[in-house]
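Since the structure comes first, as structure tokens, the remarks are kept for the end.
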């Protein structure tokens, strides 16, 4: 007993700063080191779990970016323990970001990740599912995430193509034409009788989720059969093309057709469903080789592919362009900005999934794996590999206007169809009308937007 | 580096494995010594004979010129047979005549080389030659221009008593240093194989593997610093053995030599040898380290060790993992940290608790540490910083510091432990328990104290080594292996070489080496014992092992993989415990314990 000098037993945080002069210099050297917010008072001040997790992820990202191994390890340890992959939606969200940060760190080259992970039997690869057509159709039906855009776009297209006997639909969609059967169904039933429908899709070589287990040709023949059952003549055409060069070969093909068929009464419908954000935009620098610009008709090395693509679209003088995409900004070149932005957007799919898929179900694994894929792409990749370059509605509107499109308003029909569709889903979903545009919301937060455009 | 490492292991494995085994091929190297000792006085000769007690395995000697070996073996036999005239025989100074001289010696002795003719060679004079031989070999590497048999130096193996443990490498003036390390690539067949030309060719020539000297039957001559490394290890072992045998005169001579050999090395080997030489010197000259070194300085060194390599991080992560799991559902938790140091272990745990599903528990920390020489309250300063963190992350926090020189002085009732139904207690000890083995009854006292604290979990991190055996030489050998691996891993940790972190980490380990080697009795506190011994001790004391889960294993592996820098680190699971090692050698072990069922039943 006598050998002890016991220190006061009251909780230390009640003690005002004491005996500062006795702190020796060596201690001071190390004070700056060790832990975020240790002892800075800011940082984790808000106690909401999601906020704390976001804060930790940001700290972790900063530590990884500044190569601060000790700090990164500590935060990774914490995150690993507070974000189980089978936890609540925030935990699963955090887990996905954590995994993406680990992949990023592993890609930074300072570590021998792969060998060690293999030995630890840790599996970082995401098990993205390859859907059958039926599975994909069911999957897309589960949530308004895609159905919102389908419904709004189809209504706008139907209205725009009224009176045309030939309708050429260019379907730039991430959902493998899942929107088209409904559209054909609607067109088949129009009063003036079914038109002939030409469907052109870009044969995107690199698979983006959701992935389909069919070739485009197989998919095309299924669609042709479906159209025939509705007494609609469907011509299906795949133009091998990639988002990486702004669908250059598709645009070329369409320009050719435009020259041939411009005088006929063919409606040209450009349906862009959550696809255009894959086209490289301004933050992807340097631009893909300026000497080999993908568009043969226009050489403007100061413009992004995204801008040039929209200008090329405008040059086709389409009857209508429908642009549906996710309403977020994942384009920043700053990792932390992107992380914050993605974290504050992608909580939504995790939050909604509880409303339509039971825990542990296969569909839920597929669904979450695709979100994981997106998060990893945003966080762990850079350059051309980072394809999830989602932009907010306001920026797309500006882009379309710059490309000399003018906004077209969704009619009452479209609004009511979307509302009817939303009624089939959970209560958290909502619809906002912003000027001409429709916005899908979850618990008041913007999820996706639908805009319709005509040549100005 | 890794090759060096292998050399060390290989060589010392052998020596430690069977201390008495001596290969005849290494014997009688004294003849070589005599070759250059000729002009030194007779006392030098005696001294030379005294430098004995050295064991080498035959494979190490494969690189010694065979002719000389034959001669040397004969010499060795001859000496044992009492044929001493050779020692005082006239030695040819003319290098060009060496071959003939060697041949004549062989003829004269007429003894065919018989390997292993003297399996046990422990008396001081029978072992005489090898260290000398090593020295010749090693020093030869650093330079070479001058002819071998220069007498231009007064180097004397007896050296001057009382000088620094290891004199600076004065290779330029050392006659021995002009000697070449020679290595034959073939077994001897001819009788004339080893000529002066090959012996004394320039290092440039020698350095080329496979360089062929003038005579086609001549062995190929090599200079190989890894061979020097082997010599270095052998000399360290020889010195330790001399210490063990209380042959301080010999030990003194050898320890001086180690410095020279170490100087020819690079990287981890040089560093580790230097620390061991220093420790041996301290033991020989009884200049013991000040154990009362400022503990805050120790803390600082440990912080650098923490930064440089994954060992302490691994210790903290794995222990915290077990603690976090044990705390899973508790509303009030209490960690008793047997060595608070700078408190580096706790921010991560606090953060994890703060974000625990279901809300954070109240967190209480009892930090124990040594008194500071300037009476500053180091514990309280750490506690204060942790309190600030706790406030930031929104976790209720309570801290107490206890200053004590030994955990054995700690009485559980002082800790104001609340009943298990009120607070869940974890006792955490990182590199602390082995120190109690220095004090009679110390560990028993502390173990019974821990039991009285009724922890839900006890986490123990210890060095995975046996540095607590009664036999000095065995301890020395084990420590040499252990710290060679550790230093090797530090080299490979990706820290840029002129790094303060690295230097301080080496200092941190160097102090442990010093304690293991130089200290005895109560002063020797680095009494590391392997997991098996801790397991039987803990189980006897009434604790049951808590298996660290695969989750902890995966996490530890992942965290190490991410930033370890080198890919030599390995996490492995052993009896539910986690070990972190460098390549195949486990270096630290985390184990977790709970009170055995009967006692928990009685307790609750």
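Protein chains in written order, with the UniProt record's numbering: chain A, 1 to 456; chain B, 1 to 604. Where a beta carbon is used, it is the ideal one built from N, C-alpha and C, also for glycine. All figures in this text were calculated on a predicted structure; none of them were measured in a lab.
Alpha-carbon spacing of residue i relative to residue j, whole angstroms
i, j, result
"residue 258 of chain A", "residue 358 of chain A", "48 Å"
"residue 333 of chain A", "residue 180 of chain A", "35 Å"
"residue 378 of chain B", "residue 372 of chain B", "7 Å"
"residue 237 of chain B", "residue 593 of chain B", "38 Å"
"residue 315 of chain A", "residue 217 of chain A", "28 Å"
"residue 304 of chain A", "residue 405 of chain A", "18 Å"
"residue 246 of chain A", "residue 105 of chain A", "30 Å"
"residue 321 of chain B", "residue 552 of chain B", "6 Å"
"residue 526 of chain B", "residue 340 of chain B", "18 Å"
"residue 316 of chain B", "residue 248 of chain B", "42 Å"
"residue 419 of chain B", "residue 422 of chain A", "56 Å"
"residue 567 of chain B", "residue 577 of chain B", "21 Å"
"residue 325 of chain A", "residue 272 of chain A", "8 Å"
"residue 348 of chain A", "residue 429 of chain A", "11 Å"
"residue 178 of chain A", "residue 128 of chain A", "19 Å"
"residue 510 of chain B", "residue 95 of chain A", "41 Å"
"residue 49 of chain B", "residue 229 of chain B", "The pLDDT assigned to residue 49 of chain B is 29, lower than 50, so where the model puts this residue is not dependable; a value taken from the coordinates is nonetheless given after this. About 23 Å."
"residue 478 of chain B", "residue 431 of chain B", "18 Å"
Residue from the options whose Cα sits closest to the Cα of residue i
i, options, result
"residue 81 of chain A", "B:593, B:575 and B:554", "B:554"
"residue 276 of chain A", "A:170, A:94 and A:411", "A:170"
"residue 188 of chain A", "A:73, A:216 and A:154", "A:154"
"residue 517 of chain B", "B:334, B:287 and B:365", "B:287"
"residue 176 of chain A", "A:167, A:150 and A:193", "A:150"
"residue 366 of chain B", "B:276, B:329 and B:387", "B:387"
"residue 50 of chain A", "A:274, A:454 and A:343", "A:343"
"residue 164 of chain A", "A:320, A:432 and A:431", "A:320"
"residue 251 of chain B", "B:272, B:356, B:283 and B:270", "B:283"
"residue 611 of chain B", "B:488, B:439 and B:259", "No answer is possible for residue 611 of chain B: the residues shown for chain B start at 1 and end at 604."
"residue 277 of chain B", "B:480, B:521, B:356 and B:486", "B:480"
Sequence-distant residues of the same chain with beta carbon closer than 7 Å to residue i, five excluded per side
i, result
"residue 328 of chain A", "341, 345, 390 and 392"
"residue 107 of chain A", "380"
"residue 310 of chain B", "560, 564, 569 and 580"
"residue 330 of chain A", "338, 341, 342, 378, 388, 389 and 390"
Within 8 Å, strictly: CB atoms of residue i and residue j
i, j, result
"residue 349 of chain B", "residue 360 of chain B", "no"
"residue 450 of chain B", "residue 404 of chain B", "no"
"residue 427 of chain A", "residue 356 of chain A", "no"
"residue 403 of chain A", "residue 310 of chain A", "yes"
"residue 267 of chain B", "residue 506 of chain B", "no"
"residue 383 of chain B", "residue 401 of chain B", "yes"
"residue 319 of chain B", "residue 590 of chain B", "yes"
"residue 446 of chain B", "residue 502 of chain B", "no"
"residue 458 of chain B", "residue 443 of chain B", "no"
"residue 452 of chain A", "residue 322 of chain A", "yes"
"residue 588 of chain B", "residue 462 of chain B", "yes"
"residue 418 of chain A", "residue 248 of chain A", "no"
"residue 528 of chain B", "residue 574 of chain B", "no"
"residue 250 of chain A", "residue 199 of chain A", "no"
Contact set for residue i: own chain, Cβ-Cβ below 8 Å, skip 5 residues either direction
i, result
"residue 139 of chain A", "131, 210, 363, 366 and 367"
"residue 411 of chain A", "155, 156 and 159"
"residue 595 of chain B", "451, 454, 455, 542, 543, 544 and 603"
"residue 136 of chain A", "175, 176, 178, 210 and 212"
Neighbourhood of residue i by C-beta distance below 6 Å, restricted to the same chain and skipping five residues each side
i, result
"residue 243 of chain A", "278 and 279"
"residue 472 of chain B", "244"
"residue 304 of chain B", "501, 504 and 505"
"residue 330 of chain B", "361 and 424"
Cβ-heavy atom distance, residue i to the ligand HEM, below 7 Å
i, result
"residue 197 of chain A", "In the structure shown, the ligand HEM is absent, as is every other ligand, since no ligand is present at all."
Inset, instruction - Kindly provide the ranges of any beta strand (DSSP E) runs that are 3 or more residues long and lie completely inside the segment 451-480 of chain B, ordered along the chain. - result: The segment 451-480 of chain B contains these whole beta strand (DSSP E) runs: 457-463.
Inset, instruction - Taking only runs that begin and end inside the segment 358-401 of chain B, name each unbroken beta strand (DSSP E) of 3 or more residues, in chain order. - result: 362-369
Legend entry - Completely contained beta strand (DSSP E) runs for the segment 324-356 of chain A, where each covers 3 or more residues: none
Inset, instruction - Please go through the segment 133-216 of chain A and give each complete alpha helix (DSSP H) segment of 4 or more residues, from N-terminal end onward. - result: 133-141, 144-160 and 180-188
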